[in-house]
Amino acid sequence: MSKHHSALGLATALRPVQPVTLTRPHAAARAARFFAEKFPGKSLYAVKANPSPALIALLWDSGITHFDTASLAEVRLVRENAPGATLCFMHPVKAEEAIREAYFDHGVRIFSLDSAEELDKIVRATQGATDLTLCVRIRVSSDHSKLSLASKFGADPADMKQLLIDTRQVADALGICFHVGSQAMTPSAYTEAMERVRAAIVGSGVTVDVVDVGGGFPSVYPGMEPPALDSYFDAIQRAYEDLPVSYSSELWCEPGRALCAEYSSLIVRVEKRRGDELYINDGAYV
Ligand SMILES: Cc1ncc(COP(=O)(O)O)c(C=O)c1O
6 MSKHHSALGL ATALRPVQPV TLTRPHAAAR AARFFAEKFP GKSLYAVKAN
56 PSPALIALLW DSGITHFDTA SLAEVRLVRE NAPGATLCFM HPVKAEEAIR
106 EAYFDHGVRI FSLDSAEELD KIVRATQGAT DLTLCVRIRV SSDHSKLSLA
156 SKFGADPADM KQLLIDTRQV ADALGICFHV GSQAMTPSAY TEAMERVRAA
206 IVGSGVTVDV VDVGGGFPSV YPGMEPPALD SYFDAIQRAY EDLPVSYSSE
256 LWCEPGRALC AEYSSLIVRV EKRRGDELYI NDGAYV
């Protein structure tokens, strides 16, 4: 791998015909240290945001000890590249075989779910394990985010009561998680979601051990300048301290983009211009 000081310098010097991936390990290490030191709880890297083995090892070396995985392939990947890491299988819809291998072969003890069927699946696949941390995902609004996940995952707030009560019966530790959508442009996305969490806890009367505010932390892009991340952390901490959770409860988050956005970028060549449309030498065939 060669080192260059700027993307423009590289493009001018090499005039690459093929696309070139640039990586900035120092930027990812800085982002990891920022979350490890400033987020008032645990930060799980959402591997799906960039599953590069080098990045996983780098984040682990920079203080990220927990990883949010969404597939068995990601579970295996993190096991290989950060063997000491704590793995969390946070896709609310999983194959029973994947849960079984994650639990028995890779030591995964933390799972998320958003339906009674998924809870049954987890219990069956782990043969009634008594050492599980189970996070029930509640559907929240994505109104403040650039990319919504609201229609895809999360239990309806009306179904949370029964699901929390049932999950409490089998979980060693019970969590509630949510995702406000990616690139949330205001901290109130989290405070509003925390209100739903409060209602779910009060409505079910269960003891909650983990509150996981998910991903959504924004990055800076041209023409898109979100508020500073500290203001998100402050808003989340205030809302969390107000929740009726157990004294020993933990606060978690699952940043994807915020940990990896500055890690890599791509230099492409424009092969053709037609009006305001550019044809570049990289991309999917659609
Ligand atoms: C469950 C879950 N957690 C975390 C993330 C990471 O989100 P972001 O990249 O917006 O931080 C995602 C992204 O889709 C997700 O689905």
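In our numbering, the protein residues as written are 6 to 291.
Don't be surprised by glycine CBs; every beta carbon is placed ideally from N, CA and C.
Bear in mind the structure is a predicted one, so any value in this text is a computation, not a measurement.
Subject >> C-alpha gap between N86 and P58, whole angstroms >> reply: 6 Å
Original post:
So is the beta-carbon of Q188 under 8 Å away from any non-hydrogen atom of ligand 1?
Top reply: A distance criterion of 8 Å places the beta-carbon of Q188 in contact range of ligand 1, judged by its closest non-hydrogen atom.
Original post:
Just to check, is the beta-carbon of A36 closer than 8 Å to a non-hydrogen atom of ligand 1?
Top reply: no
Subject >> Sheet register partners of G50 (DSSP bridge) >> reply: The residue asked about is misnamed: residue 50 is Tyr in this sequence, not Gly. Answer is F72.
Subject >> Counted within 10 angstroms of its Cβ, other Cβ atoms place H71 as buried (16 or more) or exposed >> reply: buried
Original post:
Relative to the C-alpha of G220, which residue among S7, P45, P232 and A51 is closest?
Top reply: It is A51.
Original post:
Where in the segment 83-121 do unbroken runs of the beta strand (DSSP E), each at least 3 residues long, occur, reported from the N-terminal end onward?
Top reply: Taken in chain order, the complete beta strand (DSSP E) segments of 3 residues or longer contained in the segment 83-121 are 91-94 and 115-118.
Subject >> Endpoints, the beta strand (DSSP E) within which A292 is located >> reply: Only positions 6 to 291 of the chain appear in the structure, and residue 292 is not among them; the question remains open.
Original post:
Where DSSP assigns a beta bridge to I61, which residues make up the other side?
Top reply: For I61, DSSP assigns no beta-bridge partner whatsoever.
Original post:
According to DSSP, what are the bridge partners of L169?
Top reply: In DSSP, L169 forms no bridge with anything.
Subject >> Among S209, A189 and L248, the one whose alpha carbon lies nearest that of D262 >> reply: Here the sequence assigns Arg to residue 262, which means Asp is not the residue at that position. Restricting attention to S209, A189 and L248, the CA atom closest to the CA of R262 is found in A189.
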